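Under my numbering, the first residue of the sequence shown is numbered 1252, with each subsequent residue one higher. These notes are about the structure you will find just below.
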Amino acid sequence: MTTSTAELYRLDPLTGCHNFLSFVETIDLLSLERGRQPFSILYVDLNYLAVLNKERGHSYGDSVIHWLGLALREECNAPVFRTGGDDFAVILLGSAKQEYERLLKKLFERLNREGVQLGIPSPPAGIALVHFDGVREFTTNDVMFNLWESILEVKSNNGRTVKTFSAGNLIKATGQLREPGLDGARHSVKVLRHIANSAIHRVIQMGQALDAWQKTSYLDSISGLPNMRAALGKMEKEISEQRPFSILLMDGDNLTRYNNISYATGDALIQKIGAILTESLRPGDFVARWRTGDEFLALLPDTNNTGAEVVGKRIGAAVREASKDWQFPTSITIGIAEYPAHGATTYALIDTAEGALKLGKQTGKDKVVRA
């Protein structure tokens, strides 16, 4: 199966990086781990974005943000998150501090070099590298304050360059204020921490709510598979990326006999067939229940109709074999269409696959028919 629909809520559409929700959830998981491992975070803040948007337009500003996200993904073998309008974070697991500091230098040099070509004033970004030792307990709130404090210190330097920090030394916002006469400052920090903690808690709750909504909106309640809406979205995404793929439109043969016993029996059969399809497909393939009857749709990335036929025959054999022990042995008929050979739109491909499926039904069922 391919990436779940829930992950779409955790991706930034402009850059393809993970978004702030994903970042908060990742840090929250790290904070809850037993035997915490050390990690570092590269926190990158793009300079001059407001100036670029004003002078050259927001489309140009968006292209610069996209460039920065791409550069980070290419240079860092680690998850990259867009955490704000012009902020990015990279989570680097492990204690390889010297390696990460070399990465910091290499990244900064690349951004300066390419920034000149893009017409961005130098330096194009401020970067803070913050090391977390894995010894001290921390919360997501602590990490956010550490990152904000570190990047503010970097940007307070007129050079707007780079700097390395140890989280344990970032005490202005996250540590105890022991200086005499700073009761007001202590109170201000406490209030800020409460506000930040509440905001982070709401972000995590939003992610949980989106997951719950996704289960009802994009999952079929009977089979447990993605539903028709999810399948259409998956096809649209593949077409937008101009990736070749094939679809298998599948319909169980003579399954009304099970529904005639009871709807519960028919639902149990749908679950069995869904499980067989899932087991018969390859890693990276996608399968969904199509409409609300006994139809299913599979999408096979980077697969032509010849390859799809091989997969379809494997599915047919698996259904025949498994159903030998069922009350009524059954089979499945499959129609195949290929993108872009059989259509440039979702519905053109579906029409073609339906035509092939109809032909298979008319010529005896238990068939795999290529368009």
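Quick reminder that beta carbons are idealized off the backbone N, C-alpha and C, glycines included. This one's a predicted model, so the numbers in the text were calculated from it and none came from an experiment.
- Spatial distance of residue 1620 from residue 1534 (CA atoms): Translated into the one-based positions of the sequence shown, residue 1620 becomes position 369. Translated into the one-based positions of the sequence shown, residue 1534 becomes position 283. For residue 1620 and residue 1534, the distance between alpha carbons rounds to 23 Å.
- How many whole angstroms separate the CB atoms of residue 1415 and residue 1380, which I take to be in contact at a CB cut-off of 8 Å? Here residue 1415 refers to the residue found at position 164 of the sequence shown. Here residue 1380 refers to the residue found at position 129 of the sequence shown. Contact flag correct, Cβ pair sits at about 5 Å.
- Query: Would the beta-carbon of residue 1487 fall within 9 Å of that of residue 1590?
  - Reply: Locating residue 1487 in the sequence shown gives position 236, where the first residue counts as 1. Locating residue 1590 in the sequence shown gives position 339, where the first residue counts as 1. Not a contact, by the Cβ cut-off of 9 Å.
- Query: Which same chain residues, not among the five before or five after residue 1344, have their C-beta less than 6 Å away from its C-beta?
  - Reply: Translated into the one-based positions of the sequence shown, residue 1344 becomes position 93. 1290, listed in sequence order.
- Which two residues bound the contiguous beta strand (DSSP E) that contains residue 1508? In the sequence shown, residue 1508 corresponds to position 257, counting from 1. Run containing residue 1508: none in the beta strand (DSSP E); it sits in the alpha helix (DSSP H), 1507 to 1512.
- Query: How is the alpha helix (DSSP H) around residue 1282 delimited, first residue to last?
  - Reply: As a position in the sequence shown, residue 1282 is number 31, starting the count at 1. Taken as a continuous stretch (DSSP letters only), the alpha helix (DSSP H) holding residue 1282 covers 1271 to 1283.
- Query: By Cβ distance, which residues of its chain are closer than 6 Å to residue 1405, with the 5 residues on each side in sequence left out?
  - Reply: Start at 1 with the first residue of the sequence shown, and residue 1405 comes out as number 154. Same-chain partners within the cutoff: 1377, 1379, 1414.
- Query: What is the DSSP secondary structure of residue 1389, reduced to helix, strand or coil?
  - Reply: Here residue 1389 is taken as the residue at index 138 of the sequence shown, counted from 1. Coil at residue 1389, not helix or strand.
- Task: On a CA-only basis, which of 1505, 1598, 1532 is nearest residue 1578? Give me that one, please.
- Result: The sequence position of residue 1578 within the sequence shown is 327, counting from 1. Residue 1505 is the option with its Cα nearest to residue 1578.
- Item | Same chain, Cβ closer than 8 Å to residue 1562, five either side skipped, listed in chain order | Along the sequence shown, read from residue 1 onward, the residue named residue 1562 stands at position 311. Around residue 1562: 1499, 1531, 1532, 1533, 1536, 1549, 1551, 1554.
- May I ask you to report which of helix, strand or coil DSSP gives residue 1351? Here the question's residue 1351 lines up with position 100 in the sequence shown. Looking at residue 1351 - three-state DSSP - the assignment turns out to be helix.
- Message: For residue 1279 and residue 1454, what's the separation of their Cα atoms in angstroms?
- Response: To locate residue 1279, count along the sequence shown from 1; it is residue 28. To locate residue 1454, count along the sequence shown from 1; it is residue 203. Between residue 1279 and residue 1454, the alpha-carbon positions lie close to 11 Å from each other.
- residue 1576 - DSSP class collapsed to helix/strand/coil: Along the sequence shown, one-based indexing puts residue 1576 at 325. The DSSP-derived three-state label of residue 1576 is helix.
- Query: CA-CA distance, residue 1472 and residue 1526?
  - Reply: Within the sequence shown, the letter at position 221 stands for residue 1472. Within the sequence shown, the letter at position 275 stands for residue 1526. Cα-Cα distance, rounded: 14 Å.
- Using the beta-carbon count (16 or more within 10 Å), is residue 1576 buried or exposed? Here the question's residue 1576 lines up with position 325 in the sequence shown. Looking at its Cβ environment, which holds fewer than 16 other Cβ atoms inside 10 Å, residue 1576 is exposed.
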